[in-house]
Structure formats: structure tokens, C-alpha cells
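The structure under discussion appears below in the form of C-alpha cells.
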Amino acid sequence: MSNRNIIRRVRGLPASDGAGVRLTRIIGQPTLDSLDPFLLLDAFGSTQGSDYIAGFPDHPHRGFETVTYMLAGRMRHRDNVGNSGLLTAGGAQWMTAGRGLIHSEMPEQSEGEMRGFQLWVNLPATHKMMAPRYQDIEPERVPVCTPVPGARLRVIAGNVLGVEGPVDGIVTKPIFIDIALDAGARLSLPVPATHTAFVYPFEGAELVLGSSSLPLGELGVLDQGDSVELSAPSGTVRMILAAAAPLREPVARWGPFVMNTEAEIRQAIADYRSGRL
Ligand code: CO
């Protein structure tokens, strides 16, 4: 076993997206423009309706996947071919945009807390033009496991200590887990050795990974290795742990389109403008 260590710490930047939703952009900003195959990580969270009410009206995507994980609040998604779903606290949506779709993601509340994450995961060249696919995961479908006292894991994607997350068939073989550690708890988790991996503590106290500490609100990029050692020496901590196979392909990116070449981006824009998404 070789334990992974933190090789980089990144703090997110305040940003605004959609029609004016305030968020923190952690991956997909100048200090960390991507982390192959992860293209973007946004954390949103507010109890002020004005921070999120404008939502994300109709917009396109092509060439990658968007993963929304809700911690609080209700968000409605609708697309241009009639799909619709409601994301609620503890639920997730893994949307494979593939060759493309146009959708909206709108809060279904005007007050109260809205909180969660959106992660973008790239698709390899062979799958960028696949048919769009939704995996809407209701909160009850997310398995909870407590491998050691004081550790609670909600496994959204991947197989962790024999517990299989409900998201399946994703090319980059992702792991996406919400982990809560009580003060003093220690947890060792296997992670596929060559996967890109990061942790992001978003609630509670500092996290200790291996021998280094990671303050709340900083993303830790991990080196390679087949396990992570997590502990919460000073108080309860809750974090996202994500890992996936890197693609090592050229990335051509323009807003909501992520392809391999500039010509494919021009094609995506042309397809969008002519109503072919
Ligand atoms: Co979207």
C-alpha cells in the first residue's frame, strides 16, 4: 500500500454564473484551470434567495458530463427533449451531455438554504458524441456506510470498501463520496492507484490527510498511490473525495463545449446556433 499525499492546495474564487448565481469556483479558474479529467468544480451555498434565485436558464453542453450533488435545497432541471427531474438534498444527478443538449437548472424555492456542488468530468474523444444520458439519484438511493466508528460515507459513484454507488457505466470509472468524520476518527480508503484524485473539506474543522493538514475550503490535489489516510484531529469534518481516470487528450474548451480540437468547438457552436443540439 502507498498512501497518497497532498501535492497542491487550491482555494476557490468567488464567481457568478448562469443568470447571476453566486458561487465559489474551485476547479476551472486561473490557479487550477483543470485537473484531468475534472474540468470544473463549483460550490454554491447561500441562505439568501437573491444569491441563487436567477438559476441557470437554458444553456447547452457538449462533450463532457455534469455532476450535481445537492446538500440543501431543491433544483429543477429540464431539457430540450422533454426530460425533467427534481434534485433534492442528498441527491445527485450525473448527466452525460455527450453530443449535446440544452437544459435549465432552476431553484424550486425562493428562500431558504440552497447548497451543493457541480463537478464537470471530461469524456474521451471516443465518447464525446455519445447519446445524452441522465442518472438522477434520489437521496434514498445513495448507500451510507460506516467502515469505522465516527466515519459516515455516502457513496454516489464508485465502489468503496465493497459498497457500490448508484451511478454506473461512466467511462472514467469515477469515485465520488461525501465523507463525514467525527473528531478523532481515522479512516483509510483504497483509491485506484493511477486515478486523479482530490479532497475538498467543506464543513467543520481542518482535515488531516497522511501527515499534512488541509484547512476548510481548500481543495487538496493528491499524488498517486492506492490509498488515502484521513483523520479529523480537531473536530468533525465533512468532505468530498473524488477520483477518476485521467484522459491525457488535447482539450479545446469554449464555455459549455469541451472537445478535442478547435474545429470541433466551431462545429458545436454551429450545431447549437442551427438548432441541432
Ligand atoms: Co448545465
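Terminal number for the sequence shown in my numbering: 310, no gaps in between.
C-beta atoms are modelled at their ideal positions from N, C-alpha and C, and glycine is treated no differently.
Buried or exposed (CB count within 10 angstroms, at least 16 for buried), residue i
i	result
residue 91	exposed
residue 98	buried
residue 166	exposed
residue 211	buried
residue 296	exposed
residue 114	exposed
residue 66	exposed
residue 155	buried
N- and C-terminal bounds of the alpha helix (DSSP H) containing residue i
i	result
residue 167	Careful: residue 167 lies outside any alpha helix (DSSP H), inside the beta strand (DSSP E) at 166 to 170.
residue 304	295 to 306
Where residue i falls: helix, strand or coil (DSSP)
i	result
residue 149	strand
residue 7	Because the chain spans 34 through 310 in this model, residue 7 falls outside it and cannot be assessed.
residue 218	coil
residue 159	helix
residue 143	coil
residue 267	coil
residue 174	helix
residue 256	coil
residue 83	helix
residue 192	strand
residue 249	coil
residue 201	coil
Beta-carbon separation (whole angstroms), residue i vs residue j, contact threshold 8 Å
i	j	result
residue 38	residue 268	No, residue 38 and residue 268 are not in contact; Cβ-Cβ is about 22 Å, not under 8 Å.
residue 277	residue 205	4 Å
residue 209	residue 195	With 8 Å as the limit, residue 209 and residue 195 do not qualify as a contact, their Cβ atoms being about 17 Å apart.
residue 108	residue 146	Not confirmed; about 12 Å, so no contact.
residue 125	residue 101	6 Å
Span of the beta strand (DSSP E), counted from its first residue to its last, around residue i
i	result
residue 280	Run containing residue 280: none; DSSP gives neither H nor E here.
residue 337	Because the chain here runs from 34 to 310, residue 337 falls outside it and cannot be looked at.
residue 237	229 to 237
residue 90	89 to 94
residue 48	46 to 50
residue 118	117 to 121
For the ligand CO, residues whose Cβ lies under 6 Å from any non-hydrogen atom = Those residues are 89, 92, 94, 99, 136, 138, given in chain order.
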